[in-house]
Every structure is written in C-alpha cells, then in structure tokens.
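Presented below is the structure to which this report refers.
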Amino acid sequence: MFNKIKEVVINFITSRLVMISAILILASAGLVYRLFFLQIIKGETYLDSFQLKIMKEKSIAAARGNIYDRNGNLLAYNELSNSVMIEDVYESGSGKNAAINETINKVIDIVEKDGDAVDTDFNIQLSSSNNFEFTVENTALLRFLADIYGRTSVNDLKYEERSKTAQEVIDDLCTKFGIGDYTNPDDKKSFTPGLGYDKDRILQLVVIRYKMYSNSYQKYINTTIATNVSDKTVADIMENSNVLEGVSIEEDTARVYVDSEYFSQILGYTGKISDSELGELQKENPEYRSNDTVGKAGIEQSMESVLQGTKGRETVYVDNTGKVIETSSYIDSKAGNDVYLTIDKDLQEACYNIIEQSLAGILISKIQNIKFFIQGENQKSSDIMIPIYDVYFACFDNHIINLKHMESDEAGPNEKNVYAKYLNKREQVNEGLRAEFNEKNTPYNMLSKEYQVYMSYIAQKLYNNGVIDSEKVDKEDKTYIAWTTDETISLSDYIRYCISANWIDVTVLDLESQYVDSEEIFKTIIDYIFNDIEEDDEFNKKLYKYLLQDDIVSGDEVGHILLEQGVVELPEEELSMWLSGAESPYTFFINRISNLDITPAQLALDPCSGSMVVTDVNNGDVLALVSYPGYDNNKMANGVDAEYYAKLRSDQASPLINYATMQRTAPGSTYKMVASTAGLMEGVIDTSSEITCTGVFDKLDNTNPAHCWIYPRSHGSLNVTGAIKNSCNAFFFEVGYRLGLVGENYHSDIGLEKLAKYADMYGLSETTGIEVTEYDPIVSDIDSTRSAIGQGTNSFTTVGLARYVTTVANSGTCYNLTLVKKTCDSDGNLLQEYGATVRNHIDMDSAYWNAIHTGMRQVVEDKPYFNDLAVNVAGKTGTAEESKKRANHALFVCYAPYESPQIAIATRIAYGYTSSYAAQITKEAVAYYFGLKEPEDVQNGTAQQLEGGDANAD
C-alpha cells in the first residue's frame, strides 16, 4: 500500500505537467517579489528620480562672418543675444489653434511690455495708412502667394489666388489658424477673421503661426517670436514658463551694423529665410533650414555663401516640460568667413555728409517766405522756388511730426491745440464729402482745388483696393473719359456708372447679401470710403495742408510742436528769441535746415536725394558707393521693426532705393564723350574738324528745329575739344546726324547703332558687375541727333556712369567693377582675393584720347569754384530734364589728377537744378580724398552754400 502511494507521488512529481507548473509558480513568485520591491520597497525613491526623456537632434547655428572695409574697419558684426522661440508641442484637435494663439498672445504681451518687438518679417506689412499691403511685387509676389496657398509653382496658382489682395491673404490665414472669433457662438459658419484683434496683433499672430506651420514638417524646429530681447523679457518669459507651453529662450546672435545709414544700401541686412529663398539656397547647400537667418539684400545677400557658417550638431534629451536634462554627440559650429570690401569707410561717410550738407544748402537758396509758387508759362525749371508753407506741411507729410503723439495724453499744449483744429477740419471735410456723394454731385472740374485733391485720392484708392476692378474698366467708355479726361462728371456719378457697368468687385464690400440692388451697393461703397479714409494717414495729412494754407494752423505752431516732441532743440539764445516771438517761423526753419536739425531727407522736398560713386581708375575698385538718404539697417535685421519699416516704405525720400544703382535718368551732356568717340572712330569728324554752331540745328526739322543750350546766342566754329568744353549741343547734333548718313540720306537707326556700339565699349549697355542689386541701363533707340547729346531714351545709373568715366580716365580700359576685395576665415587667413576684371579695351588713337581729355579739363578750368583746388580735375557736367514742373537732374563726372588719374567720380543730384551744383559737390569729395582740406571743414555738419550757375550751361 505504502509503495503504491509512493509510486503515485513519484509519478505525479516527475510528471511533465507538475514540473511546468512548478517552474511557472516560481517564475510568478519572482515577478511578484520584483514588482513588490520596485513599487513598495523602492517605489518612492524611483518616483522621485523618474524623468521622462525625449531625444532631440538639434542644429547649432553658426556665427555669421564679419564685414570690413578695405582698411579693416568693422562694418558688420555679431553680438550675443537671446531670442524667444516657440515649438509646436500642442496636441492635435479642435482646441489646438485656440491654445497656440492664447500662448502667443501672452508672449507678445510680455515682449511688448518689456519694450521689445515681435518679429514680423513677412511679405505683408501694415502701411502708414494702417492697411495691409504687399511689400513685394510681380514675380516675387506670385512666389509668395504660391507658398501661402501650397502651390509648387506659380503656374499652379488659381486665378482667385493670384489676384488676392493683402487683406484677403491675411483673412485666409486668419481663418486657417483660427485667429478671430464667432459672431454667433452657436454657428460655426459665423467665424470672422481677425475679429477681436487690432491689425498690429493680427499681423503678429499671422506671421508667427505661418512660420510655425512652415516648420511643422520638421521635427523639433523652433519658430522665432522675437529676437535680441532684453534681460527683462528673458526673466519674464522664464517666470511664466509654466503657462507658456512650448515657449523657450535660446541663445542667438544679433547682427549689428556700424554707422548704419552710410552703408545700408551696400551691406543690406539679414532676416529669417523665406520659403522661396529656402528652396533656392538648399540647391547649393542642403543644410539650410526654415528657421535660418540669411542675407536679404546687399552684400549680406550676394555673399551669403561666404558669410553663412557651418552649423554644429548635438543630441539633447529633454523632459516633458522641454527642459534639457542631458546632452550628447556635440559637434561645434564653425563661424562664417569674413568679407573685406573695396569701400573706404571714411571716404564713404565723408561723401554722404557732403551730399547732405549740399542738399541743405540748395534748399535754403530756394526756400522763400511765400505761401504759393506758381510757375510762369515761360519760366525755366531752374526758376522753381520752394514756398515756406511747403516746408511747414512737409513736417506733417513726411513723418517729422509724430501724428499719433498729437492725440495722446502726453501731447503738449500746441500739439493738443492743433489736433483739435484737425478734428474740426476732418468733421467739416467728412460732411462736405458726404454732401457731394449724396446730394450735390458737383462735376470734378467745378470743385475747389482742395476737394479735387480729396476726390482724386478717393478714386485712386477705390482702384488700389480693388473695389473698382481696373481689368473690367473700358478705357474707351464715354463715361470713363468724362471722369478721367474731360472731368465733367462727379465721382458719385462715376461710381454709380461703375456699378451699372459691372466694374465693381462686390466681394471686396461687406454686403449683407449677394442679392442687392445698385443703390445698396452705392451706399455700401460710400460707407467703405469713409471707413477707409478714417484711419488713412495719407488722406488725413492732406487736411493739414489746407489747415496751413487757410492759416488755421500757423508756422509758429508747427515750430512749437517740433520743440514739444523733441524733434529739434534750440540753443539757449535762439530759444529765448523764439519764445519771445522775436524769431519768425521762416527764420526758425531756415536755421533748422542750416544746422541739419531737419535734414533734406526728412523734408523730402526737391532736392532730397543724391548719389556718388568713386572708383580707382587703375583697378576698377569701388572706393565709395553713396546713396542719400540711407536708413538704419539695424532695425531691419534681427526681426523687422514693423513700424519703422512702414515709415520707410511711405517715406517720400524713398530711403530704401539705392540711388547709386537703382535710379536711372538721362545722362545729359555727360554722354558727349561717347558721341565724341563715335564721331572720331567712325571718321565723321577728326580732331581738327570744325562745326559751326548757330544756336539752331534745322537739318531735320525746319519748323521745330533743335536748339543749342546757348540759343539765341551761338558758339561759333568748334572742334571736338571745344565742343566738349562748351558742351555745344549743335556740334553733337551734327555728329549724330552724320553718323546716320548713308550717302546723302539720313537714317536715324544707323546712327543709333553706331552710338550704341560705342556706348557698349564704355560699358553703358549692361550692368557694371558690382555685388548689389543694379538696374539695367537703357541705350537710346530713337533719334540719333538728340541721342548724341544724352537725350533720346538714354537712361543710366550713377554706377554705370562711374564705370564709363573710369574708362575715359584710363584711356580705354573698361572694368567690371567690384565691391569685394577679399575673403578671410575667422582667424584672418586669406581665402580668396577678388578684384575687378577687365571687360574690354577701347583701342583708339592717342590723339583722339588727348582731344577728349583736353576738352574735359577745359570744362573744369572754366568753373571758377575749382580754381582754389590744388589738384587738377577733368570732368563733364550734365543736366537731364524729367518734368517741366520739377527741377532738372544735376550730373557731373570727372577724374583726378588730370595728369595721372587715380580716381573717377560720378555724381547725380535728382532734381538738383543745375549741373554746377553737382560739380561743386564733387569738388568737395575730391578735396577730401586728396587731403586738400581738413576733414572737419569738408563735413562740418551744417548746410553748404553753393555758388549759383547757369542751369543750361552743361
């Protein structure tokens, strides 16, 4: 019995099932014990030390290379800074947009409270009239719209997408990102884009959200909210980090420009890369990412591949709050290489100051203590004067006076008084305009000049804003002609006709229903007009013009406002005279312009701009490339200052234009060396040939002959040297005529071909090769006789004329100019030397060159203001008429020393009255370059009085 039980037990124990069960029980016991140990015995310890780790692969931005002048003077460098960033760590779902927008709003509030600015580098900005507008056009605009609407090519854009207004694009993005609110919370279709936000905040939110969206396909790419923020902003962001999900502070570098206004047009600025830029740059370097900073203009853009460093890499582990807890696999970044320019910093600044001082002197000589200037029928453009009332109005018209400050609580007594007058005027004008639209319907030609100005502005805005669809308008329609040409109907009648002719784009209007009658559309348009002009600074500034003209606001009040706003400060003695009434407003403003307390650029009256290019004639280096006025590119880099950018874009002096490379005008008589070369080389004249000037050239038109500038006098018989010296139009009319002769028959096209051939030899047929944006030149294609004196359709930039006169100076070597001298690595080791390349040589008999050089020397010898200059200069003056209602452009090209040329200079003063002024300005630059005057005498910070001259003697 015992053995039987024993056998059963043994069989049971040794059975396969029992053994498996035992193993399972032991394993389970072990697991239970281990779980007990981890959760009960060590649970609290592990809980305290537990951290969720998320791995991120991050790139380390490289410091951008520095930019120096030819002598090693620093022009652009980097400073350590902090940036506010946001990462999309938000859970997907219906509440995501609201959560992100709420966080961004909180961040913006903090940033602006602490005095910093949000980065709104975008191709849509707010204008000074507080309307959204595109900052790019043509192909660039289409590329931008393609990016916005997710099209791979501009050709894929639908018609309605490519024809969107800036406001419509903003509305679309607001809808996409939930920026706005519901007019009826229960109706999802009642969402209104932007509702509840002012336009500034809408733009800020749209820019940040769009950049986040653009970064969304890349993991762990932060989006910049604000750059170069203060320590206070850093502290406040960190303090509120618990409610700012995904927001962080990152170390960065800020781009800094030295003496920015002098070099802004050359250096350009940096900014966040756009989608189109990203695509282009990735073709050359796939390391570019959507949050990178790149050059946006100037040398920063053209030398991007040199200045942009090599990124580093690191692997970081962060906890669930985004805090870095561990770093590994660190590879440091490599700084970008440095660029050395051919520009001489001191010469550049001196030339800029010379231009500004001289423009101020010209203005002072032209400003008269009058209210109006009416040009007589036979008056020359050189006789145009500037009424002092235009100076008063310029203070309102071009941002010298801060209009917003006038309505603030901090406004001074004169500000408040003038603002009250403005409000009263605005109410009167609104009433008058409503009466015109609704009752009077006065034909345009019967309106007062003031109301004509208002109506013209309103009509243009209806076109600009797309209310009147210009593509639908029939330019041959009788009513259209009655409004635009005959001026015999009212704007009210014209709008009604546009409605009936279906020229109105009703989608722009806020109509309650798409099925409305014409009268309802008309009323909606009128409401639209008044809503539009209410916040339109450009319209409201016109009210100040008539307040001044009607003497409701006085020049005295304008001066007091400038003092109250701190725009100008007076010396104690003058302040006492001003406050006592012993100094008149006229004298007050003349003194301000004379002391450059108010600059020509600020006034934006003719002349307010100028350019000068100085080259080394022996190697093609550009020593100075001056465009006046400049701007502060520090406010464009490191996140665009939106308010400053809006001011620049509406500034009537157009500081964003590089006048040295982007302004083309007729060259005037500076072109006569081209005509001389053509005449000599084609054999229609030689150095001894004489042509008799009678003051009239009538070989082509007896009834309306061309005149020499000296008419009704004459120059008599001249050879080519004398013709250049005296700038005889008749001589060069004859040369242009002879160039077109085939036998006894004149063919203008043949003459033009020959002139174009020699213009090309001087490099005037294409851009000069410098490393910044430059407009193509235009070589004349009409009338070889007038083209020979620099008229026709000839149109060149100042830098183009500089290359031309450089070629004349060195007797025939035409360079492709350069602004870049060399590049070095961050340790100063030379990487590459740059230099101007020879484009072509003009092989011409030395006797011909001597004839041209002698004529240019005699031009300068004939100018008394050059007599005290201890270096001999050869040059050529030129004037170019663009409008009989504005002064002529003034030009001068030269080289020095005459005996052994070192430098060549081309100077243009837009609407500068007389070439004599351009010559005197250039003389000061020559004196500075050769050390003939003390630097402080050349640029003394006050207006430079220039000698008068015959505006036609060029």
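If you're matching positions, the sequence shown starts at 2 in this note's numbering and goes up one per residue.
All residues carry an ideal CB built from backbone N, CA and C; glycine is no exception.
As the structure is a prediction and not an experimental result, all values here were calculated from the model.
Item: Using the rule of at least 16 other Cβ atoms within 10 Å of the residue's Cβ for burial, across every protein chain shown, is residue 764 buried or exposed?; Value: buried
Item: Is the stretch 540-553 touching the stretch 393-405 in the sense that three or more CB pairs, one from each, lie closer than 8 Å?; Value: yes
Item: I think residue 927 touches residue 810, with their Cβ atoms under 8 Å apart; what is that distance to the nearest whole Å?; Value: Not really, about 13 Å apart at Cβ, beyond 8 Å.
Item: Between the C-alpha atoms of residue 936 and residue 947, what's the straight-line distance to the nearest angstrom?; Value: 18 Å
Item: So what's residue 791 in DSSP terms, helix, strand or just coil?; Value: coil
Item: Would you identify the three-state DSSP class for residue 813, choosing helix, strand or coil?; Value: coil
Item: Which value, in whole angstroms, describes the spacing of the CA atoms of residue 309 and residue 295?; Value: 7 Å
Item: Do residue 883 and residue 666 have their CB atoms nearer than 8 Å?; Value: yes
Item: Within the same chain, show all residues whose beta-carbon is closer than 6 Å to that of residue 751, passing over the 5 residues directly before and after it, in chain order.; Value: 741
Item: If I'm right that residue 300 touches residue 267 with Cβ under 8 Å, what's the distance once you round it to whole angstroms?; Value: 6 Å
Item: Taking contact to mean 3 or more Cβ pairs, one atom from each stretch, closer than 8 Å, check whether the stretch 575-583 and the stretch 163-175 are in contact.; Value: no
Item: How many Å lie between residue 952 and residue 258 at the Cα?; Value: Legend: pLDDT at residue 952 = 48, less than 50; position of this residue unreliable, value from coordinates given subsequently. C-alpha separation (whole angstroms): 39 Å.
Item: Just reading off the alpha helix (DSSP H) that residue 893 is part of, what are its end residues?; Value: From DSSP, residue 893 is part of no alpha helix (DSSP H) but of the beta strand (DSSP E) over 890-897.
Item: Tell me, which residues are paired with residue 82 by DSSP?; Value: 253
Item: Please determine, among 211, 330 and 66, the residue with the shortest C-alpha to C-alpha distance to residue 120.; Value: 211
Item: Which partner residues of residue 773 appear in the DSSP bridge assignment?; Value: Residue 773 is not bridged to any residue.
Item: So, for residue 237: in the same chain, excluding its five sequence neighbours on each side, which residues have a beta-carbon less than 7 Å away from its beta-carbon?; Value: 111 and 115
Item: Going by DSSP, which residues form a beta bridge with residue 388?; Value: 369
Item: The alpha helix (DSSP H) with residue 268 in it runs from where to where?; Value: 261-268
Item: Classify residue 275 as helix, strand or coil using the three-state DSSP reduction.; Value: coil
Item: Check whether the Cβ of residue 728 lies closer than 8 Å to any Cβ atom in chain C.; Value: In the structure shown, chain C cannot be found, because there is only a single protein chain.
Item: Determine the DSSP secondary structure at residue 406, reduced to helix, strand or coil.; Value: helix
Item: So residue 654 and residue 605 are in contact, right, with Cβ under 8 Å, and what is the actual spacing, rounded?; Value: 4 Å
Item: With DSSP collapsed to three states, give me the class of residue 957.; Value: What is shown of the chain runs 2 to 955, which leaves residue 957 out entirely.
Item: Could you tell me whether the stretch 811-827 touches the stretch 338-358, where touching means 3 or more Cβ pairs closer than 8 Å?; Value: yes
Item: Return yes when the Cβ of residue 909 is within less than 8 Å of the Cβ of residue 919, no when it is not.; Value: yes
Item: With a cut-off of 8 Å, do at least 3 Cβ pairs link the stretch 120-138 to the stretch 520-532?; Value: no
Item: Give me, in chain order, the residues of the same chain whose beta-carbon lies closer than 7 Å to that of residue 529; leave out the 5 immediate sequence neighbours on both sides.; Value: 468 and 510
Item: Per DSSP, what kind of secondary structure is residue 955 in: helix, strand or coil?; Value: coil
Item: Please report the residue range of the alpha helix (DSSP H) in which residue 980 lies.; Value: Since the first residue of the chain shown is 2 and the last is 955, residue 980 is not available in this structure.
Item: Locate the beta strand (DSSP E) running through residue 842, then write down its first and last residues.; Value: 838-842
Item: Check each candidate in 289, 877 and 71 and name the one with the smallest Cα separation from residue 853.; Value: 877
Item: Could you tell me the distance, in whole angstroms, from the CA atom of residue 35 to the CA atom of residue 239?; Value: 41 Å
Item: Quick check: the Cα distance between residue 768 and residue 775, rounded to an integer number of angstroms?; Value: 7 Å
Item: Report the three-state DSSP secondary structure of residue 132 (helix, strand or coil).; Value: coil
Item: Note down the Cα distance separating residue 727 from residue 691, rounded to an integer number of angstroms.; Value: 14 Å
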